[in-house]
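Student:
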Amino acid sequence: MASYERIYQRKRCLKMSSKKSIISFISLLAMTSLISACSGNPSGTGSTPSSEKSVVLKGVTAWEENNIHSAGFGMFQKKIEEQSNGRIKVQYAGGPESIPAFNQGDAVRTGVVDFSVLSTAYYQNQVPEAVVTNYSELSVEEEWKNGSMAFLNEIHNKKLNAQFIGRSSGMSYSLYTKKPITSIDDLKGKRFRTSPVYVPFIKALGAEAVIMPAGEIYTAIERGVIDGVAWPKGGVTDLGLQKQIKYQISPSYWKVDTSMIMNLDRWKQLSKEDQDLINKVAREVEKELPLFIEKFIEDEQKKLKEAGIQEVKLPEEEYLKIANDSAWKWVETNLPENGKKLEELFRKK
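If you count by mature numbering (1 follows the signal peptide of the UniProt record, and there is no 0), then the sequence shown holds residues -36 to -1, 1 to 313, one letter each, in order.
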């Protein structure tokens, strides 16, 4: 895994067909099953290892290795190996070319990989509650302090067989279009690429949500399949979208969620000392990564301006009200069991 400082270096393009991705995923699943069968430990839990033993953690990212949204993996990898004096090794098993982004939540659940750095939206079907990390009105530090993340972690334990390790919210979301937009009404009827997390807002604008993975966006907008893209404020140039989009809509909204989840069985196999170290490093990454991302966004905004992309400013109060109201209405409507408590924990009083 390249260190996070090398994210700026765009020397490699990790594009593979979806067919190859699926084959890689199936092969990895088969390999994991074989290892489990031959391990002589049918329970899969094992005894708690000594903190003196070496540990290897195999992880993936939902984006290509050199994508800005994968930066947290490299930062975590570097820190955990340094602070454990090399006893804990983090092995990078690939990005979406190894396991498609929308399959990585399930790969963590089944133990195909030990952990993943991804968006909670990519496993929303299994844990719909997880998307509140995008709608949260609190800082990540506040979420850990007031019990918000502890409650969300309990849900991950039960529904995904996963431990929620950490997350970063170093940027917000934006809409990008190919044709000019002069008002909120102009967005009606437009087709936007989305992941599940954006759907409530896109529909509230009167637009159409088209869910697709990141690797398909460029061709879709090039061919006119979509009119625009819902995407984080940073990382547009990673996909080469500056060659297709012409307008960036402001203000940006919500918080981009990049999370790390670990297979719960693997987590329980770790010693208490190792668990504590992983949690410590995760808190450090949560504090430091936004600073790195802030500099990246600043540089990328300059590149977008140089590429001729114009900023369109819509009425801030009205636009953000639509974004926030649609998000929490979705939580209330679709999460009858936990929605009320999640709103209490992730919204400002």
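Backbone N, C-alpha and C define an ideal beta-carbon position, used for all residues, glycine too.
Predicted model only: the values in this text are computed from it and were never measured.
Output the boundary residues of the beta strand (DSSP E) element that contains ASN125.
Tutor: Position 161 of the sequence shown, counting from 1, holds the residue named residue 125. No beta strand (DSSP E) holds ASN125; DSSP gives it neither H nor E.
Student: Please report the straight-line C-alpha distance between LYS17 and ARG155, rounded to a whole angstrom.
Tutor: What you label residue 17 is simply residue 53 of the sequence shown in a count that begins at 1. What you label residue 155 is simply residue 191 of the sequence shown in a count that begins at 1. Their Cα atoms are separated by approximately 53 Å.
Student: Apply the 10 Å Cβ neighbour rule to ARG230 and answer buried if 16 or more other Cβ atoms are within range, or exposed otherwise.
Tutor: Taking the sequence shown and counting its residues from 1, one reaches residue 230 at position 266. So ARG230 counts as buried.
Student: Going by the beta-carbon positions, is the gap between ALA65 and GLY23 smaller than 8 Å?
Tutor: Sequence index remark: in the sequence shown, residue 65 carries index 101 (1-based). Sequence index remark: in the sequence shown, residue 23 carries index 59 (1-based). No, Cβ-Cβ distance for ALA65 and GLY23 is not below 8 Å.
Student: For VAL193 versus ILE209, is the C-beta distance shorter than 8 Å?
Tutor: As a working note, residue 193 is residue 229 in the sequence shown. As a working note, residue 209 is residue 245 in the sequence shown. Cβ distance < 8 Å, so VAL193 and ILE209 count as in contact.
Student: Please list the segments of the alpha helix (DSSP H) lying wholly inside the stretch 24 to 62, counting only runs of 4 or more residues, in order along the chain.
Tutor: The qualifying runs are 35 to 47.
Student: Could you give the first and the last residue of the continuous alpha helix (DSSP H) run that contains TRP218?
Tutor: Counting from one through the sequence shown, the residue named residue 218 turns up at place 254. Careful: TRP218 lies outside any alpha helix (DSSP H) and carries neither H nor E.
Student: Within a Cβ cutoff of 8 Å, which residues of the same chain sit near GLN239, ignoring the five residues on either side of it in sequence?
Tutor: On the sequence shown, residue 239 is found 275 positions in, with the first residue counted as 1. Within the same chain, GLN239 has close Cβ partners TRP231.
Student: Might you give, ordered along the chain, the residues of its own chain that have their beta carbon closer than 6 Å to the beta carbon of PHE165, omitting 5 neighbours on each side?
Tutor: In the sequence shown, the residue the question calls residue 165 occupies position 201. If we look at PHE165 and ignore the five residues flanking it on each side, its Cβ neighbours are ALA287, SER290.
Student: Between the C-alpha atoms of ASN125 and ASP78, what's the straight-line distance to the nearest angstrom?
Tutor: One-based indexing of the sequence shown puts residue 125 at position 161. One-based indexing of the sequence shown puts residue 78 at position 114. Near 11 Å, if we compare the C-alpha coordinates of ASP78 and ASN125.
Student: Identify every run of the alpha helix (DSSP H) within the stretch 179 to 222, keeping only runs that are complete inside it and at least 4 residues long; order them along the chain.
Tutor: The qualifying runs are 181 to 186.
Student: Using a Cβ-Cβ cutoff of less than 8 Å, which residues in the same chain neighbour GLU308 once the five nearest sequence positions on both sides are dropped?
Tutor: Numbered from its first residue, the sequence shown carries residue 308 at position 344. If we look at GLU308 and ignore the five residues flanking it on each side, it has no Cβ neighbours.
Student: What does a CB cutoff of less than 7 Å around residue 314 pick up in its chain, not counting 5 residues either side in sequence?
Tutor: The structure shown does not extend to residue 314, since the chain is modelled only from -36 to 313, so the question has no answer here.
Student: Tell me which same chain residues have a C-beta within less than 6 Å of the C-beta of ILE129, skipping the five on either side of it?
Tutor: Here residue 129 corresponds to residue number 165 of the sequence shown, with the count starting at 1. Only MET224, MET226, ALA246 meet the Cβ criterion.
Student: With the cut-off set at 8 Å, would you say ASP221 and SER133 are in Cβ contact?
Tutor: Against the sequence shown, residue 221 aligns to sequence position 257. Against the sequence shown, residue 133 aligns to sequence position 169. It is a contact, given that the beta carbons lie within the stated cut-off.
Student: Alpha carbons only, please: which of TYR99, TYR86, SER62, GLY153 is nearest the one belonging to LYS293?
Tutor: By 1-based counting over the sequence shown, the position of residue 293 is 329. Comparing Cα-Cα distances from LYS293 to each of TYR99, TYR86, SER62, GLY153, the minimum goes to TYR99.
Student: For THR297 and GLY303, I'd like the C-alpha separation in whole angstroms.
Tutor: Counting from one through the sequence shown, the residue named residue 297 turns up at place 333. Counting from one through the sequence shown, the residue named residue 303 turns up at place 339. Each residue's Cα considered, the two are about 8 Å apart.
Student: Taking the Cβ atom as the reference point for each residue, do ILE52 and GLU61 lie within a distance shorter than 8 Å?
Tutor: For the purposes of this step, residue 52 is identified with residue 88 of the sequence shown, where counting begins at 1. For the purposes of this step, residue 61 is identified with residue 97 of the sequence shown, where counting begins at 1. In this structure, GLU61 does not lie closer than 8 Å to ILE52 by Cβ.
Student: Where LEU306 and VAL104 are concerned, what is the direct C-alpha to C-alpha distance, given to the nearest angstrom?
Tutor: Position 342 of the sequence shown holds residue 306. Position 140 of the sequence shown holds residue 104. Distance between the alpha carbons of LEU306 and VAL104 is about 15 Å.
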